[in-house]
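Q: Sequences listed follow chains B and S, in order. Counting from 1, one number per residue, gives the positions in the first sequence under the working numbering. Counting from 1, one number per residue, gives the positions in the second sequence under the working numbering. For glycine and all other residues, C-beta sits at the position ideal for the given N, C-alpha and C. This is the structure, below, for whatever I ask next.
Number of protein chains: 2
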Amino acid sequence: MDLTERKLKILQAVIADFVRTAEPVGSRTISKNYSLGSPATIRNEMADLEELGYLTHPHTSSGRVPSEKAYRLYVNDLMQKRELSQEQKDAIASELYQNVNELDNLIERAAHVLSEITNLTAFALSPGKEQDKLRYINLLPMDDYSVLLMLVSDSGKVSNTVVRLKAPASEETLRILAKNMTYNYSGKTLSEALKLDIIENFRNDAEAMSMFENAIAPSFIRTLEDMLNVNLYMDGLTNIFALPEYNDIEKARTFFEMINRKADITQKLISRGDGVEITIGRENQDADLSECSVITATYHVDGRLVGKLGVIGPTRMKYDEVTSVVEYLTDNISKAFMLTEGDDDDR
Amino acid sequence: MDLTERKLKILQAVIADFVRTAEPVGSRTISKNYSLGSPATIRNEMADLEELGYLTHPHTSSGRVPSEKAYRLYVNDLMQKRELSQEQKDAIASELYQNVNELDNLIERAAHVLSEITNLTAFALSPGKEQDKLRYINLLPMDDYSVLLMLVSDSGKVSNTVVRLKAPASEETLRILAKNMTYNYSGKTLSEALKLDIIENFRNDAEAMSMFENAIAPSFIRTLEDMLNVNLYMDGLTNIFALPEYNDIEKARTFFEMINRKADITQKLISRGDGVEITIGRENQDADLSECSVITATYHVDGRLVGKLGVIGPTRMKYDEVTSVVEYLTDNISKAFMLTEGDDDDR
DNA sequence: GTTAGCACTCTTCTTGTTTGAGTGCTAATC
DNA sequence: GATTAGCACTCAAACAAGAAGAGTGCTAAC
């Protein structure tokens with residue numbers, strides 16, 4: 001089912017025009033702007049392309065619109081990587097190469113600049129921390145009845161919980177507890193720590209044991225889970241208002257409601273493949289995404305922490321440009337993280 | 001300019017009907033549903049009310065719509081506090097009385113339940129930390145060239161930054177630095193700490209001094225600022241799609257764009273009065289808010305930490321109900337915070 | 001002071017018409 | 001045999017005219 005040279009060119013022209021204008025593309029337009037033959041010839045070719053499933057017809061007397069199959073062909077075989085413009089690179093640099101307190105902060109900025117450049121809705125997932133190891137555990141007295149439980153992992157992720165006690169704890173007890181917890185958990189990965197039988201280790205100290213069991217342990221688990229949580233950042237939600245696809249208030253509404261189910265989105269993102277992945281229209285399974293395309297890529301930090309970022313938009317999108325930007329961004333996140341930290345020295 | 005009893009009743013009826021239906025209210029409707037006289041009488045009264053500025057006329061042959069002045073009168077003099085329904089109380093309880101790691105978490109939930117109950121866009125501002133005192137300062141070695149700077153305030157707020165060093169630091173140096181910082185800053189409020197001349201204190205230790213000046217100090221300031229930041233939580237953004245006021249895509253767009261300028265919103269909220277504050281339409285100053293009403297209230301935690309929460313919606317809103325809910329919520333946040341923490345013991 | 005009646009206004013809905021972009025097909029042309 | 005000109009046909013979108021309906025303001029009667 002190989003397409004002739006001309007058919008490919010016409011298909012590409014239709015895609016290019018439609019992506020730009022969002023209007024069905026007629027034979028006249030193609031004939032005028034690309035020298036591929038007369039309108040009649042183009043029409044014949046288009047009819048063939050339609051029969052092959054690459055183009056569709058909103059109604060008898062309108063121009064052609066690329067099908068998902070056409071976009072897929074374009075993405076797989078036709079499109080070429082684009083070099084980013086200097087402005088785009090600058091925008092990314094000035095957004096990423098700032099001082100950040102936390103890696104999450106950087107990820108958030110990445111989503112921001114991504115949405116600005118692509119004019120689409122962007123999102124980024126903070127790195128999964130499964131492989132993080134506990135590095136520091138402390139119990140800090142706040143007042144008589146409350147203690148701050150603090151955990152730090154070796155990637156610098158900090159999580160903490162205020163624990164309420166039924167009875168005041170002596171500083172000594174807290175010190176022992178913290179020391180004991182450090183001894184038992186430090187160096188373990190977060191997921192390992194969650195699995196250990198945490199009570200076992202305090203058999204020989206009744207007071208510590210009781211406090212640990214009743215108050216600390218549940219908070220400890222909760223804090224570990226909190227550290228494991230990945231965060232989803234989104235930006236550019238209002239960009240869709242500029243798209244004719246979402247001129248219909250109902251469409252806009254469904255989009256926002258879909259994008260608001262953060263847990264779903266997170267899940268969907270996590271389960272996507274590594275590297276750049278493009279899913280078009282109904283390839284996305286989800287009915288709410290059946291008219292959208294999603295482009296994601298995986299970034300690495302330290303060669304160990306791994307997260308995802310990408311955009312979501314109508315199937316009519318600049319696949320070449322967006323793919324290039326997403327790829328460029330993921331390549332630069334790790335670098336940016338190292339550098340921005342280094343910057344502190346120069347302040 | 002005192003209104004007669006009947007005029008007041010008619011005005012109230014118009015408001016009630018318009019709030020419910022979003023359609024201009026005609027004299028027939030009022031006459032039918034409230035026994036206040038014949039349509040003709042009502043019409044005469046309405047004409048008077050219009051002259052007095054309480055009602056307006058979209059066009060000659062349509063019913064009346066309450067003006068901002070009418071809503072203001074209603075809010076000030078006519079409306080009565082409503083007792084929350086049991087379901088509403090339950091919804092709030094089940095949302096607030098959960099385990100939370102941080103106060104911010106609770107605030108976020110408050111915004112969530114507020115938007116669910118009112119069907120409007122809700123927001124909540126985490127407490128200002130100006131009065132928080134530094135309780136704990138530590139420097140934790142991560143690897144040879146990076147150190148985790150960690151600050152804890154007495155309200156349990158934790159903030160941290162990974163600091164990159166140019167030269168490796170001995171544990172001893174870090175210990176001394178941390179001790180020194182603790183000595184100098186512990187017990188100071190965050191704002192005080194920001195103002196102190198932080199270099200002065202290390203005159204007598206060249207190595208510590210140099211490291212502090214070059215690497216730690218800037219991060220220290222940044223971390224303090226980070227702790228002082230208030231967070232803005234929003235929920236129920238998509239609720240506006242259900243409102244006829246936002247059937248127009250342009251209106252929806254402006255709303256979202258306005259709500260997306262988080263810094264502006266935060267600023268605007270902070271500058272609002274204490275207690276319950278209601279601003280109607282153009283009372284909000286901001287042009288983007290000229291067709292909205294905003295209801296906010298202040299909550300307290302520990303009698304010291306203070307934040308705000310509220311809703312934003314069209315001027316046509318259930319002022320009585322929303323006010324009651326907002327008030328009820330702020331009253332319960334402090335209680336909930338204490339209780340949820342106590343719950344840990346029972347786990 | 002209140003109300004019935006009626007002419008009038010203005011929006012909204014429906015229906016019909018026009019316009020224009022674009023197709024498919026046939027026949028002529030290269 | 002592929003390409004192109006020509007033409008009839010289709011359909012959406014834009015526009016206009018008319019009908020329906022809700023509601024008003026005013027006058028005159030109660």
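Within a Cβ cutoff of 6 Å, which residues of the same chain sit near residue 252/B, ignoring the five residues on either side of it in sequence?
A: Non-local C-beta neighbours of residue 252/B in its own chain, meaning closer than 6 Å and more than five positions away in sequence, comprise 246, ordered along the chain.
Q: What number of angstroms, rounded off, separates the C-alpha of residue 20/B from the C-alpha of residue 14/B?
A: If you take the alpha carbons of residue 20/B and residue 14/B, they lie about 10 Å apart.
Q: Helix, strand or coil for residue 89/S per DSSP?
A: helix
Q: Quick one: what's got a C-beta closer than 7 Å to residue 342/B's C-beta in the same chain, skipping five residues either side?
A: Residue placement at residue 342/B is poorly supported in this model, since its pLDDT is 42, which falls under 50; the coordinates still yield a value, given next. There are no such residues.
Q: Could one say the Cβ of residue 317/B lies closer than 8 Å to chain S's Cβ atoms, at least one of them?
A: For residue 317/B, the answer is no, since every Cβ of chain S falls outside 8 Å of its Cβ.
Q: Under the assumption that residue 266/B contacts residue 237/B (Cβ atoms under 8 Å), give the Cβ distance between them as a whole number of angstroms.
A: That pair is no contact at about 16 Å.
Q: Can you find a C-beta in chain B that's less than 8 Å from the C-beta of residue 220/S?
A: no
Q: Fully enclosed by the region 196-259 of chain B, which alpha helix (DSSP H) runs are 4 residues long or longer?
A: List check, alpha helix (DSSP H) in window: 206-211 and 217-228.
Q: Going by the DSSP bridge assignment, what does residue 277/S pair with across the sheet?
A: 296/S
Q: Could you spell out the range, first to last residue, of the alpha helix (DSSP H) harbouring residue 164/S?
A: Here residue 164/S belongs to no alpha helix (DSSP H); instead the beta strand (DSSP E) covers 158-164.
Q: Helix, strand or coil for residue 154/S per DSSP?
A: coil
Q: Does residue 133/B come out as helix, strand or coil in the three-state DSSP assignment?
A: In the structure shown, residue 133/B sits in a strand (DSSP, three-state: E or B).
Q: Just the C-alpha distance for residue 111/B and residue 194/S, rounded to the nearest angstrom, thanks.
A: 31 Å
Q: So, does the CB of residue 249/B fall closer than 8 Å to a CB anywhere in chain S?
A: yes
Q: Identify each residue in the region 242-270 of chain B for which the Cβ-Cβ distance to at least one residue of chain S is less than 7 Å, and report them in chain order.
A: 247, 249, 252, 253, 256, 257 and 260
Q: List the residues of chain S that residue 180/B touches, going by C-beta distances under 8 Å, in chain order.
A: Residues of chain S passing the Cβ test: none, with the nearest at roughly 19 Å.
Q: Are the beta-carbon atoms belonging to residue 226/S and residue 159/S less than 8 Å from one another?
A: yes
Q: Take residue 322/S as the anchor and find which of 16/S, 118/S and 304/S has the nearest alpha-carbon.
A: 118/S
Q: Going by alpha carbons, who is nearest to residue 303/B out of 137/B, 109/B and 330/B?
A: 330/B
Q: Does the region 291-310 of chain B come within contact of the region 122-129 of chain B, defined as at least 3 CB pairs closer than 8 Å?
A: yes
Q: Since residue 52/B is in the alpha helix (DSSP H), which residue starts that stretch and which ends it?
A: From DSSP, residue 52/B is part of no alpha helix (DSSP H); its letter is neither H nor E.
Q: For residue 121/B, which three-state DSSP category applies?
A: The three-state reading of DSSP puts residue 121/B in strand, counting E and B together.
Q: Terminal residues of the continuous beta strand (DSSP E) containing residue 410/B?
A: Since the first and last residues shown for chain B are 1 and 347, residue 410/B lies out of range.
Q: Could you say which of 297/B, 292/B and 261/B lies nearest to residue 276/B if we only look at CA atoms?
A: Ranking 297/B, 292/B and 261/B by Cα distance to residue 276/B puts 297/B first.
Q: On the CB-based measure, 16 or more other CB atoms within 10 Å of its CB, does residue 88/S come out buried or exposed?
A: buried
Q: Quick check on residue 65/B - is its C-beta less than 8 Å from some C-beta in chain S?
A: no
Q: When Cβ atoms are compared, which residues of the region 76-100 of chain S fall closer than 7 Å to chain B?
A: 99
Q: For residue 280/S versus residue 315/S, is the C-beta distance shorter than 8 Å?
A: In this structure, residue 315/S lies closer than 8 Å to residue 280/S by Cβ.
Q: Taking a Cβ distance cut-off of 8 Å, strictly less, list which residues of the region 155-178 of chain B are near chain S, in chain order.
A: 156, 158, 159, 160, 161, 162, 163, 164, 165 and 166
Q: Closest by CA to residue 61/S, which one among 120/S, 166/S and 26/S?
A: For residue 61/S, the nearest C-alpha among the options comes from 26/S.
Q: Taking DSSP as the reference, what is the three-state secondary structure of residue 148/B?
A: In this structure, residue 148/B counts as strand in the three-state DSSP scheme.
Q: Is the region 163-182 of chain S in contact with the region 145-162 of chain B, if contact means three or more CB pairs nearer than 8 Å?
A: By the criterion of at least three beta-carbon pairs nearer than 8 Å, the region 163-182 of chain S is not in contact with the region 145-162 of chain B.
Q: How about residue 359/S and residue 134/B: do their beta carbons lie closer than 8 Å?
A: The structure shown does not extend to residue 359/S, since chain S spans only 1 to 347, so no value can be given for it.
Q: With a threshold of 7 Å on Cβ separation, who are the neighbours of residue 43/S within its own chain once the five nearest residues in sequence on each side are excluded?
A: Counting only Cβ-Cβ distances below 7 Å, and skipping sequence neighbours, we find 27.
Q: Could you pull the DSSP bridge partners for residue 64/S from this structure?
A: 25/S
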